[in-house]
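A.B. asks: Residue numbers (our numbering), protein chains in the order written: chain A, 1 to 471; chain B, 1001 to 1471. Think of the CB as a built atom: it goes at the ideal place given N, C-alpha and C, for glycine as much as any other residue.
2 protein chains.
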Amino acid sequence: MLGIRLQRHGETTLARQIYQRLREQMTEGRLRPGEALPSTRELSRQLAISRNTACEAYEMLQVEGFIESRPGAPTRVADGLLLDKPVSTVERSEQATCPAPPLLVDFRTGQPDLRRFPVHLWLQLMRQAAEALPREQWGYTGPEGLPGLRQEIAAWLGRSRGLGADPQNIFITAGATQALHLIADLLSVEGREILVEDPCHNGMLHVLQARGCQIRPLPVDEQGLQTERLPGGGVGAGAGAVYVTPSHQFPLGGILPASRRAALVRHAREQDLYLLEDDYDSEFRYSGAPVAPLCLMDAQRVIYIGTFSKILFPALRIGYVVLPPQLHEQWRRLRTHADVQNPPFEQAALAEYLRTRKLDRHVQRMRRLYGQRRQLLLQALAENFGRAWRPWGDAAGLHLALEFPGWNFDRSFAESAREQGIRLAPVEYYSIRKGSHADKLLLGYGHLEAEEIREGIRLLHGFMQEKGHKV
Amino acid sequence: MLGIRLQRHGETTLARQIYQRLREQMTEGRLRPGEALPSTRELSRQLAISRNTACEAYEMLQVEGFIESRPGAPTRVADGLLLDKPVSTVERSEQATCPAPPLLVDFRTGQPDLRRFPVHLWLQLMRQAAEALPREQWGYTGPEGLPGLRQEIAAWLGRSRGLGADPQNIFITAGATQALHLIADLLSVEGREILVEDPCHNGMLHVLQARGCQIRPLPVDEQGLQTERLPGGGVGAGAGAVYVTPSHQFPLGGILPASRRAALVRHAREQDLYLLEDDYDSEFRYSGAPVAPLCLMDAQRVIYIGTFSKILFPALRIGYVVLPPQLHEQWRRLRTHADVQNPPFEQAALAEYLRTRKLDRHVQRMRRLYGQRRQLLLQALAENFGRAWRPWGDAAGLHLALEFPGWNFDRSFAESAREQGIRLAPVEYYSIRKGSHADKLLLGYGHLEAEEIREGIRLLHGFMQEKGHKV
């Protein structure tokens, strides 16, 4: 009579199935307001179910107000349930992807070598840290991050970069992206100008743009940001901040010289703005110690952004900021409203990884490995391309910027390389004002084995010869 | 001569100490532009250090552009290093807290009982899940969340709430707060009105306000949002969304009846707006199955927000949204720019916890326990307060709203209770328009043992008698 078909062996209980069929009939108007429903006894007979199941289904409908029952009267359909259109079925979002040809070599940037990460050691630490975690840390523990981790990061910044940061000024984030996302709100950049290096990391640029700020590009040369191009004007003349990568410019690789650093700090003081120092990979310098942070020159004007995505692994999602005290309170509020806090397990494991100096040793090991790979890359380039190229920037990081004078690397170049199985990025991808760096390519090498590098450069050389340019 | 004092047994290398002292002297003007520095041989003699250490210090200074050296000429201080003021020392942010008296009973809301969480089982699952995690999932895996977890959540929504969600529509978040934070951007609420229940969860309200939206309160009665108070007007008349807790209104506890649900869906269709359904604790219903989500009535108009903070533990930081397909692409972009993705370990462990139905059993166990505690609380209230009170809302969740007719529970009441060691919240804390619920208190009981509940109510009764009102 009610036209209900039940699935006897499904995951959904019979009571819920009955409830669902009946509520559909009510919102679609097939059962009408005031209409009497069969008694639970009658229903159980009709559907060959237990009386209990029928009662349970009616109870669900009653609690949610679909039906009304009074002692001694039949159960009736409630008023006002009709929906004007039937519920549209949710369409599956199809992705129209035509399959890309297989990758023969992947020169993408920012990829640490996950194959060399000591997974078992890490898992062991994570287990121990999780087991030792006091029960209250399974609850909410505040937007600053675990105190033990903040302390260990402070100690590590001291021994690796000479930065004497107070643990109280260190705030854990879910990675560097979140750090910048929150900083944008912290400095209310919306509608204001942010000065950024050009070229610059796209992802970070998008984070700032997504928060409504205006981007003002400043050119970069082999030494990094050209500070002589900083705009003049009095206090409050416009810009809200300057975003820089002084330890290893992304993507061109320059180390910002001391005189430019001093100029930048003087500028920040004159214009009353903050410097956003993104130190994304300076651990990996192959010809000496990591460069000292800009933050050392003025801890009141610089917000330092660090990450463990490149040192350990990207999915860790732990970064941090070193914040001047005047910004602490507002930061706590913003983080709380964004996503409350990081989970504790990874934090506790990382604190232990730092405390026992395992991180220092891992960085040392990887620095040696990445340095060898960089050498190999340079050698393969020399063997294949002779003198038709030169490297840019400092001997650091996980990628290399290469100049090929006379070439014009654009989107179509990268796309046809991809069709030949070669993934790479022209520097132009990262240029805000196009044209200044059209003759440069970026090759990420940190994640590639020796053989992959040699074969990759051979492929790249073959491809470029075929493109018929003057190699 | 250079006035450098070295710490021989510190964590900072001698080379870095020398580098730091020299760079300070340069930026402070004690060493002047063009001034010649001693040779490395001379420096090593002066400071009684090895020649290598001296070379290393000079190399750091040179790489960063503090000094310039040419073959056959002395090393000199570079130009442009002077900073106009000395770097101010970072002040420690002191918190002026006067110590609160010890807590005798803590009736705060939204606290699951962490003492009953199966920590060892969870850690075991997390270890297994982490060990089984394919290596590429230690890298970036996309803003949607792990596919296995999205599938398991879809299956669980089906068996626990009768919601047949497509896993493709489920997006993992770092908790419900982040879900709302991103939804606010997704719907561009800035400057637009959001209709919210009044009273309403403060935290969620602040998330919306922090994203620049205007709050328009709609009153709540014992059944939840009073939909007859929804504003009229044509399409685009103003509001961007309606935020509701239909399964268990926070804080008053009502279940939104079917006719009001239908009215809400009709309103959303007429006004072309989205309904934000926050289902924060409906697992814990003591008198029947969890209430069916509003989302079932119109999957195109409702964004469903779920969380595991109350079911498992808050520090897990995993929530999710069920999103209509037309919002997927923009969501991916927003999440990527906010914090990229969740870490994988907790996700993989949760997927396994769901797949093996351990979560279902945990919910069952906790529902029984919380139900007993609720009974105990009601009993203790009856014993102490006689008939001077009545409970509001459905038998569900981790807290209870209590009406004490004639009372006026305000901030000073809560503060003086706190001074007596009793933490509780007046409903007025959560009221946007003050005055409608001044006679109601909220007591969180989920995290309290039987004895704590009995003793807590005894203390509360004593305190209220002392306050001299008509109890």
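Between which two residues does the beta strand (DSSP E) holding residue 119 of chain A run?
C.D. replies: Segment 119-132 is the alpha helix (DSSP H) holding residue 119 of chain A; no beta strand (DSSP E) there.
A.B. asks: Comparing C-alpha positions only, which one of A:449, A:47 and A:146 sits nearest to residue 349 of chain A?
C.D. replies: A:146
A.B. asks: Within its chain, find whatever has a CB closer than 6 angstroms to the CB of residue 471 of chain A; leave out the 5 residues flanking it on each side and keep chain order.
C.D. replies: In this prediction, residue 471 of chain A has a pLDDT of 43, which is less than 50 and means its spatial position is unreliable; what the coordinates show is noted afterwards. Counting only Cβ-Cβ distances below 6 angstroms, and skipping sequence neighbours, we find 388, 464 and 465.
A.B. asks: Per the contact definition of three or more C-beta pairs closer than 8 angstroms, is the segment 1166-1179 of chain B in contact with the segment 1221-1235 of chain B?
C.D. replies: no
A.B. asks: If you run the structure through DSSP and keep just helix, strand and coil, what is residue 185 of chain A?
C.D. replies: helix
A.B. asks: Between which residues of its own chain and residue 195 of chain A is the CB-CB distance below 6 angstroms, once the five residues before and five after are set aside?
C.D. replies: 216, 218, 239 and 242
A.B. asks: Would you verify that the beta carbon of residue 1314 of chain B is, or is not, closer than 8 angstroms to some beta carbon of chain A?
C.D. replies: yes
A.B. asks: Going along chain B, which residues have a C-beta under 9 angstroms from residue 181 of chain A?
C.D. replies: 1337, 1338 and 1339
A.B. asks: Going along the chain, which residues of its own chain have a beta-carbon closer than 7 angstroms to the beta-carbon of residue 1327 of chain B, five neighbours each way excluded?
C.D. replies: 1186
A.B. asks: Tell me, please, which residues DSSP counts as bridged to residue 1379 of chain B.
C.D. replies: According to DSSP, residue 1379 of chain B bridges with nothing at all.
A.B. asks: Taking residue 474 of chain A as the reference, which of B:1468, B:1402, B:1291 and B:1332 has the closest Cα?
C.D. replies: Residue 474 of chain A lies beyond the range of chain A shown here (1 to 471); nothing can be said about it.
A.B. asks: Does chain B have any CB closer than 8 angstroms to the CB of residue 220 of chain A?
C.D. replies: no
A.B. asks: What does residue 1123 of chain B reach in chain A if we use C-beta pairs closer than 8 angstroms?
C.D. replies: 127, 130 and 131
A.B. asks: Would you say the segment 331-349 of chain A touches the segment 1367-1384 of chain B, given that touching needs at least three Cβ pairs under 8 angstroms?
C.D. replies: No, the segment 331-349 of chain A does not touch the segment 1367-1384 of chain B.
A.B. asks: Looking at C-alpha atoms only, which residue of A:59, A:34, A:38 and A:228 is the closest neighbour of residue 481 of chain A?
C.D. replies: Here chain A covers residues 1 to 471 and nothing more, so residue 481 of chain A does not appear.
A.B. asks: For residue 119 of chain A and residue 1117 of chain B, what's the separation of their Cα atoms in angstroms?
C.D. replies: 27 angstroms
A.B. asks: Within this structure, are the beta carbons of residue 391 of chain A and residue 376 of chain A separated by less than 8 angstroms?
C.D. replies: Not closer than 8 angstroms, so no.
A.B. asks: Could I get the ranges of all uninterrupted alpha helix (DSSP H) runs contained in the segment 233-312 of chain A, with 4 residues as the minimum, in chain order?
C.D. replies: 258-271, all fully within the segment 233-312 of chain A.
A.B. asks: Between residue 1448 of chain B and residue 1427 of chain B, how many whole angstroms is the CB-CB distance? I'm expecting something under 8 angstroms.
C.D. replies: Not really, about 19 angstroms apart at Cβ, beyond 8 angstroms.
A.B. asks: Helix, strand or coil for residue 1004 of chain B? Go by DSSP, reduced to three states.
C.D. replies: coil
A.B. asks: Less than 8 angstroms between the CB atoms is what I'm expecting for residue 178 of chain A and residue 319 of chain A, so what's the real figure, rounded?
C.D. replies: 7 angstroms
A.B. asks: Can you give me the C-alpha to C-alpha distance between residue 38 of chain A and residue 20 of chain A, rounded to a whole angstrom?
C.D. replies: 16 angstroms
A.B. asks: Whose Cβ in chain B lies nearer than 9 angstroms to the Cβ of residue 83 of chain A?
C.D. replies: 1262, 1265, 1266, 1269, 1297 and 1298
A.B. asks: Taking Cβ positions, are residue 1040 of chain B and residue 1082 of chain B nearer each other than 8 angstroms?
C.D. replies: no
A.B. asks: Using DSSP's beta-bridge definition, name the partner residues of residue 1396 of chain B.
C.D. replies: B:1285
A.B. asks: Mind listing the chain A neighbours of residue 1039 of chain B? Cutoff is C-beta to C-beta under 7 angstroms, in chain order.
C.D. replies: Those do not exist, as residue 1039 of chain B stays about 19 angstroms from chain A at its closest Cβ, beyond 7 angstroms.
A.B. asks: Using three-state DSSP, classify residue 1224 of chain B as helix, strand or coil.
C.D. replies: strand
A.B. asks: Counting only the same chain and skipping the five closest in sequence on each side, list residues whose C-beta sits under 6 angstroms from that of residue 253 of chain A.
C.D. replies: 392, 393, 394 and 401
A.B. asks: Give the interface partners of residue 1331 of chain B over in chain A, defined as CB-CB distance under 7 angstroms, in chain order.
C.D. replies: In chain order: nothing, as chain A lies at least about 11 angstroms away.
A.B. asks: Could you work out which residues of chain A lie near residue 1259 of chain B, taking near to mean beta carbons separated by less than 8 angstroms?
C.D. replies: By Cβ distance, chain A contributes 65, 78, 79, 80 and 81.
A.B. asks: Do we get a CB-CB distance below 8 angstroms when we pair residue 1052 of chain B with the residues of chain A?
C.D. replies: no
A.B. asks: Decide if residue 1163 of chain B is buried, meaning its Cβ has at least 16 other Cβ atoms within 10 Å, or exposed.
C.D. replies: Counting Cβ neighbours within 10 Å, residue 1163 of chain B comes out buried, since at least 16 surround it.
A.B. asks: Tell me which same chain residues have a C-beta within less than 8 angstroms of the C-beta of residue 1095 of chain B, skipping the five on either side of it?
C.D. replies: Any answer about residue 1095 of chain B is weak, because its pLDDT of 45 lies below 50 and its placement is not dependable; what the coordinates show is given next. No residues qualify anywhere along the chain.
A.B. asks: Counting only beta-carbon separations shorter than 8 angstroms, does residue 90 of chain A have a partner in chain B?
C.D. replies: Note that residue 90 of chain A scores a pLDDT of 39, beneath 50, so its modelled location is shaky and nothing firm can be said.
A.B. asks: Output yes or no for whether 8 angstroms exceeds the beta carbon distance between residue 313 of chain A and residue 1139 of chain B.
C.D. replies: yes
A.B. asks: Residues of chain B with CB under 7 angstroms from residue 174 of chain A, in chain order?
C.D. replies: 1174 and 1339
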